[in-house]
Amino acid sequence: MANSHKRDTDARLTPRRTPKAVLVAGPLAFLATASAVTLGVLASDPGTRDIIASRDATTNLSMTREPVVSRSDSRRAARTSAEYLMNLQDAYDARKTREAIRHAHTRLWTTTLLNIWSGPEADAKQLGELDAAKKVLVTGRAAQGRQEIVLDGKARWVTAGYLADEKPAPAAAAGLSSAPCPDSSVEDGLTSGAVQVYRSVCHAFPQVTTYLGWDAHGEHSSGKAIDIMTSDKALGDQIAAYLQAHASELGLYDVIWWDQIWTPERASEGWRYYGDHGSATANHMDHVHVSVL
Numbered sequence: 001m002a003n004s005h006k007r008d009t010d011a012r013l014t015p016r017r018t019p020k021a022v023l024v025a026g027p028l029a030f031l032a033t034a035s036a037v038t039l040g041v042l043a044s045d046p047g048t049r050d051i052i053a054s055r056d057a058t059t060n061l062s063m064t065r066e067p068v069v070s071r072s073d074s075r076r077a078a079r080t081s082a083e084y085l086m087n088l089q090d091a092y093d094a095r096k097t098r099e100a101i102r103h104a105h106t107r108l109w110t111t112t113l114l115n116i117w118s119g120p121e122a123d124a125k126q127l128g129e130l131d132a133a134k135k136v137l138v139t140g141r142a143a144q145g146r147q148e149i150v151l152d153g154k155a156r157w158v159t160a161g162y163l164a165d166e167k168p169a170p171a172a173a174a175g176l177s178s179a180p181c182p183d184s185s186v187e188d189g190l191t192s193g194a195v196q197v198y199r200s201v202c203h204a205f206p207q208v209t210t211y212l213g214w215d216a217h218g219e220h221s222s223g224k225a226i227d228i229m230t231s232d233k234a235l236g237d238q239i240a241a242y243l244q245a246h247a248s249e250l251g252l253y254d255v256i257w258w259d260q261i262w263t264p265e266r267a268s269e270g271w272r273y274y275g276d277h278g279s280a281t282a283n284h285m286d287h288v289h290v291s292v293l
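Going by my numbering, 249 is the number at position 249 of the sequence shown; the sequence numbering is gapless.
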């Protein structure tokens with residue numbers, strides 16, 4: 001009986017689908033075959049071969065060709081640029097100097113013998129000396145421990161700190177003295193050379209009443225140094241000038257005053273910047289320090 005049979009799964013036939021890869025591969029195979037045939041035909045023609053080769057060569061060159069810059073060209077360009085900038089800076093500096101000279105109107109007095117320099121730089125050329133008690137025109141510009149002045153219409157530089165509004169009093173004309181000073185206790189612990197300096201200064205500058213001699217620090221510990229106490233800039237300048245004038249006779253090693261140092265060994269350099277040591281006393285702005293060999 002028909003209804004007594006077990007129900008079977010639908011056994012109807014369905015169309016078989018062709019895989020997509022096969023569908024795509026057919027046209028591609030046809031195109032590849034057609035392309036090969038076409039290229040073969042074209043390649044068989046000599047004129048066509050030349051055109052293809054020419055295009056390939058041009059394409060390769062355009063893809064690989066790069067601008068070539070030599071090292072010498074790079075160095076030359078850098079050097080030219082640096083020289084150009086230096087010339088610009090020189091022109092700018094010259095213009096500022098001309099302006100400073102043109103607008104200078106203040107005159108100050110030199111308080112001691114000063115070296116004249118071509119510029120503020122450490123390697124500037126020394127052009128001569130400027131005597132004490134000379135009135136000079138100043139521009140107001142300062143750099144690297146020097147001040148700019150005008151001499152014969154040209155910019156020149158001197159050590160800063162030695163130009164004053166008022167003419168300095170004449171330096172003491174007294175020579176050296178070996179006579180005892182009022183305060184003999186200052187000589188305790190000093191060498192004979194330091195005692196000679198003390199006695200000479202105390203008689204040449206009787207207005208100075210305070211001196212410091214032996215101490216346990218620095219040059220003072222050797223008994224070869226004394227401090228001549230004064231905060232008066234003009235007076236200190238006179239004392240420093242006096243010591244410079246007698247440096248050989250007194251056998252001086254150095255003189256330090258107002259943040260400047262002078263040594264007989266480097267006398268041609270004049271006063272040199274001593275450096276900021278943190279206080280007026282450490283910078284020798286309240287005393288003239290002098291030591292002997």
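C-beta: ideal position from N, C-alpha, C; glycine also.
Nearest-angstrom Cα separation, counted from residue j out to residue i
i: T210; j: G153; result: 44 Å
i: Y273; j: L212; result: 23 Å
i: H246; j: A194; result: 13 Å
i: G161; j: D232; result: 13 Å
i: G115; j: Q260; result: According to the sequence as given, residue 115 is Asn; it is not Gly. So the two alpha carbons sit approximately 14 Å from each other.
i: Y253; j: I239; result: 16 Å
i: E219; j: A164; result: 31 Å
i: D286; j: R79; result: 51 Å
i: N283; j: W257; result: 8 Å
i: S268; j: V158; result: 13 Å
i: V288; j: Q244; result: 12 Å
i: Q144; j: A179; result: 42 Å
i: R146; j: E187; result: 37 Å
i: C202; j: A124; result: 38 Å
i: D237; j: M86; result: 40 Å
Local conformation of residue i per DSSP, three classes
i: L293; result: coil
i: Q207; result: coil
i: H287; result: strand
i: Y242; result: helix
i: L13; result: Note that L13 scores a pLDDT of 44, beneath 50, so its modelled location is shaky and nothing firm can be said.
i: L190; result: coil
i: L235; result: helix
i: Y198; result: helix
i: A164; result: strand
i: T48; result: With a pLDDT of 48 at T48, under the threshold of 50, the modelled position of this residue cannot be trusted, and the question is left open.
Residue from the options with nearest C-alpha to residue i
i: A225; options: Q196, L235, W271; result: Q196
i: K135; options: A122, Q144, L113, P120; result: L113
i: R156; options: S177, A94, C181, H217; result: A94
i: I149; options: W109, G223, S184; result: W109
i: V292; options: G175, E249, A280; result: E249
i: A204; options: W214, L176, S192; result: L176
i: S185; options: M229, W214, D123, H105; result: W214
i: P206; options: T230, G270, L88, T106; result: T230
i: P120; options: A216, A142, L127, R102; result: A142
i: E265; options: L235, G251, A77; result: G251
Bounding residues of the beta strand (DSSP E) (the contiguous stretch that carries residue i)
i: A225; result: 225–229
i: L252; result: 252–257
i: W262; result: 260–262
Min CB distance residue i to chain D below 8 Å
i: T80; result: Of the protein chains in the structure, only one exists, and it is not chain D.
* What alpha helix (DSSP H) runs, 4 residues minimum, are completely inside the region 79–159? -> Annotation note: the region 79–159 contains no uninterrupted alpha helix (DSSP H) run of length 4 or greater.
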